[in-house]
Every structure is written in structure tokens, then in C-alpha cells.
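Take a look at the structure below.
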Amino acid sequence: MSKSLSKSVALGILKALAVVLGVLVFCYFIYKIQSVIVYIAIAAVIALIGRPVVIFLKDNLKVPNRLSVVIVLLLFLFAFIGLIALFVPIIVQQSENLGQIDLNAFKNDLNVLNAQVREFLGVQQIDIIEGFRQTSFVKNFDLQVIPDFMNLLFGGLGTALIGVFSIIFISFFLLSDSSLMLNSVLVFSNYGDEARFKRVFEKIKVLLSRYFVGLTLQILVLFILYTILLTVFEVDNPIAIAIICAFLNVVPYLGPLFAGVLMTLFVISSNLGADFSSIILPRLIYVMSGYAIAQLIDNFINQPLIFGKSVKSHPLEIFLVILIAGLLFNVVGMIVAIPVYTAIKVIAKEAFSEYKIVRNLTKDL
Numbered sequence: 001m002s003k004s005l006s007k008s009v010a011l012g013i014l015k016a017l018a019v020v021l022g023v024l025v026f027c028y029f030i031y032k033i034q035s036v037i038v039y040i041a042i043a044a045v046i047a048l049i050g051r052p053v054v055i056f057l058k059d060n061l062k063v064p065n066r067l068s069v070v071i072v073l074l075l076f077l078f079a080f081i082g083l084i085a086l087f088v089p090i091i092v093q094q095s096e097n098l099g100q101i102d103l104n105a106f107k108n109d110l111n112v113l114n115a116q117v118r119e120f121l122g123v124q125q126i127d128i129i130e131g132f133r134q135t136s137f138v139k140n141f142d143l144q145v146i147p148d149f150m151n152l153l154f155g156g157l158g159t160a161l162i163g164v165f166s167i168i169f170i171s172f173f174l175l176s177d178s179s180l181m182l183n184s185v186l187v188f189s190n191y192g193d194e195a196r197f198k199r200v201f202e203k204i205k206v207l208l209s210r211y212f213v214g215l216t217l218q219i220l221v222l223f224i225l226y227t228i229l230l231t232v233f234e235v236d237n238p239i240a241i242a243i244i245c246a247f248l249n250v251v252p253y254l255g256p257l258f259a260g261v262l263m264t265l266f267v268i269s270s271n272l273g274a275d276f277s278s279i280i281l282p283r284l285i286y287v288m289s290g291y292a293i294a295q296l297i298d299n300f301i302n303q304p305l306i307f308g309k310s311v312k313s314h315p316l317e318i319f320l321v322i323l324i325a326g327l328l329f330n331v332v333g334m335i336v337a338i339p340v341y342t343a344i345k346v347i348a349k350e351a352f353s354e355y356k357i358v359r360n361l362t363k364d365l
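Residue numbers for the sequence shown follow UniProt numbering, so the first one is 1 and each next one is one higher.
Structure, rendered in C-alpha cells:
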């Protein structure tokens, strides 16, 4: 009896060790192929955004399925190339400007700005240059960073090209075969549960497609508003700055703050050397007032339409989910909080609808 008991205990320990080992191997495997998972995730987002366009081309314009997919992917590719074509000349120009910069004149401009700010605020001890010198970045700066950065840059370009090709390739098949993603999900279902899995998948796909399309429209509206604002007040490179600030709004709550700080820095840099009280400060006030109006339009018009109607969630519910995700997983958690929470809600409604809290949270789905 004791032998059989000890044998069963030993087998139990071996099974537990095998399970732990299997989990560790699986986690290591996921870690090694994380780039592939990112490619699939981005391709899935592109498929969800492009899905309504493909359906429109097929149903309304009678365009063949494969040709509709090619048109949608070309639109995404042209948008990507357009962004690169927009930023590369700016980077080249700024590099040339850095090579021709007069450090003494730049230092004098900073000193003048420092004196003007100090005089305007009535503060005696503000030294921008000395404060910059005392930062840990300047004290610990290593020249080896420069060649390391160049190697990283060129290596990153090669990786980026592979990533773009992989994303386009995966997106093509996800868009051309709408059942491909569904069949991949059905692999994890038990026999007899396929119908339930299909209902959940289709509901998640519709909600997330609405969400990502709405998010794209939100970025587009902000980009237009920022471009008009920066162009009116003659800030250098308004389109590039508007794109950066609009995309920062993808990060809920924190993104607009960073975008505002970035816009402030660009306004100051575009007017460096001018009088602070008569030129820089008034222009900052005007630009930040326009920025605040753009954010009010986004908060009270764009976001309720996106979060309320697309994912069927209350604004307070969305706020708490984003806050919790940010505390647990930092910025990445804040970005993926709403799509993941929407998927969880749909799954919970299908699997745990007998619970009151689930019924209350999913009553609008």
C-alpha cells in the first residue's frame, strides 16, 4: 500500500514538474517570437481597420475580393511611405542645420531667453545652461554612444523593412480570407462549442473594427486641427509636428499632456532669439489656447463617439479600465486596455451571463 502511495506521489510530482517545464518552455518560445506576435497584432489591426473598406468595395462597387484587398493595402502602404517622405527631408534639414549652427550665438540666445524669463517672472536664480550642465545625462555622456546609435539605426532599418513586408503579407491573407482568423480561433474550441466561439468572435471583430476605425478618424481630426493651428502661428514644420502630436493621443490621458509639452517646445524653438514677453509668451498663449480647444473637441465629441458607440462602454468604466491597465502594465497597458477589455466583456457575456455583475457590464452589447 505504501509503495503504491509513494509511486502515485512520485508520478504526481513528475507530472507537476513536466507542467512547470512545459509552461517555462512555452513562455521562452513566446519571448523568442515576440516580434512575430507583434507583426500579427499589427496586421490584425490593419485588417480590422480595412475590413469596412473591403466590404464597401465588394458590395457597393462590385470590385473583386482580392483586388479590394490590394487597394486597401496600397492605401496603407502609401500612407506609410507618405509619413517617411514627410519626415526624412525634415531630419536631413535639421542635421544640416545642426552642422552649421553657431554655438556661441545659440548660447547667447539661451542666455537672452533665460534673462527675459527671469525678468518676467521676477525670479533671480534661473540658469538654463548651468542647469543643463548639471544633469546626469551631460555628466555621464559617453562618446561611444554615437557609433552604437548608428549601428542600432542601420540594424533597425533592416528589421523595419522585414517587419513591413511581414505585416503586409499577413494583412493580405487576413483581409482576403475573413474566415482565416476565425478558423485559427476555433482550434481552441471543444466539439459542440464552435457556434458559441463564432458568435463571440464575430461580435469582437465588429466592435474592434468600429473602435480602430474611430481611433483612426480621431487621429485624422486632431491632425487637421493641429496643422491649422501651427500653420496659422508660423511654427516650423507644422505637418510633421501635427502628426507626432496627433499620434501621441493614442495613449489615453498621458498622450495629450506629452503632446502639449512637445508643442510648447517647438513653439519656443521656432521663435528662439525673439523677445520673450512681446513675441514668445503671447504666441505660446495663443497656441496653447488653440490646443486646449482641440482637446475639448476631442474629449467631448470624438471620444464619446469612439468609446461610447463603438465599444459600448460607459466613460467612467473606460477611465477606470485605462487607469488600472496603466498601473499594471504602464503605457502599453493604457494603449491596449480598451480593445482587450472589450474582448473580455464579449467573452464574459457569452460564458458568464448568469452573474449579475456581468449582465450589468454587458447589457449594451
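Beta carbons are placed, not taken as given, at the ideal position from N, Cα and C, and that holds for glycine.
I'd like to know whether the C-beta atoms of A240 and Y226 end up nearer to each other than 7 Å.
no
By DSSP, does E234 sit in helix, in strand, or in coil?
coil
Buried or exposed, going by whether 16 or more other CB atoms sit within 10 Å of the CB of R66?
exposed
Hey, how far is the Cα of K345 from the Cα of L281?
48 Å
Determine the direct distance from the alpha carbon of I322 to that of A333, and round the result to whole angstroms.
The identity of residue 333 in the sequence shown is Gly, whereas the question assumes Ala. Cα to Cα, the separation comes out at about 8 Å.
Unbroken alpha helix (DSSP H) run spanning V287, endpoints:
L281 to I297
Pull up the distance between the alpha-carbon of I42 and that of I167, whole angstroms please.
7 Å
Would you tell me roughly how many angstroms separate the C-alpha atoms of F212 and V250, rounded to the nearest one?
11 Å
Whole angstroms are fine: how far does the CA of G260 sit from the CA of F26?
42 Å
Taking the alpha helix (DSSP H) that P52 belongs to, which residues open and close that run?
Q34 to D59
Between A337 and A348, how many whole angstroms is the CB-CB distance? I'm expecting something under 8 Å.
Not confirmed; about 16 Å, so no contact.
Am I right that S310 and G214 are in contact with their C-beta atoms under 8 Å? What's the rounded C-beta distance?
5 Å
Look up S313 in the DSSP assignment and say whether it is helix, strand or coil.
coil
Relative to the alpha-carbon of I219, which residue among I244, L229, R199 and R196 has its alpha-carbon at the smallest distance?
I244
According to DSSP, is T362 part of a helix, a strand, or is it coil?
coil
Which residues in the same chain have their Cβ closer than 8 Å to the Cβ of S353, if we skip the five residues on either side of it in sequence?
R359 and T362
CA-CA distance, F266 and A242?
11 Å
Does the distance from the C-beta atom of T216 to that of I49 stay below 7 Å?
yes
What whole-angstrom Cβ distance do P256 and Q295 have, given they're in contact under 8 Å?
6 Å
If you drop the 5 nearest sequence neighbours on each side, which residues of the same chain put their C-beta closer than 7 Å to that of L57?
V63, S68 and I71
Could you spell out the range, first to last residue, of the alpha helix (DSSP H) harbouring P64?
No alpha helix (DSSP H) contains P64, which DSSP labels as neither H nor E.
Cβ neighbours of S270 in the same chain (closer than 6 Å, five flanking residues each side left out)
V235 and D236
On the DSSP letters alone, give me the boundaries of the alpha helix (DSSP H) that P256 sits inside.
L254 to S270
State the CB to CB distance for the pair T342 and L208, rounded to an integer number of angstroms; the pair is presumed to be in contact (CB under 8 Å).
6 Å
Measuring only the C-alpha atoms, how far is L222 from R51?
23 Å
Nearest-angstrom Cα distance between V287 and L61?
43 Å
Separation of F258 from I357, as counted between CA atoms
36 Å
DSSP three-state assignment for S353, whether helix, strand or coil:
coil
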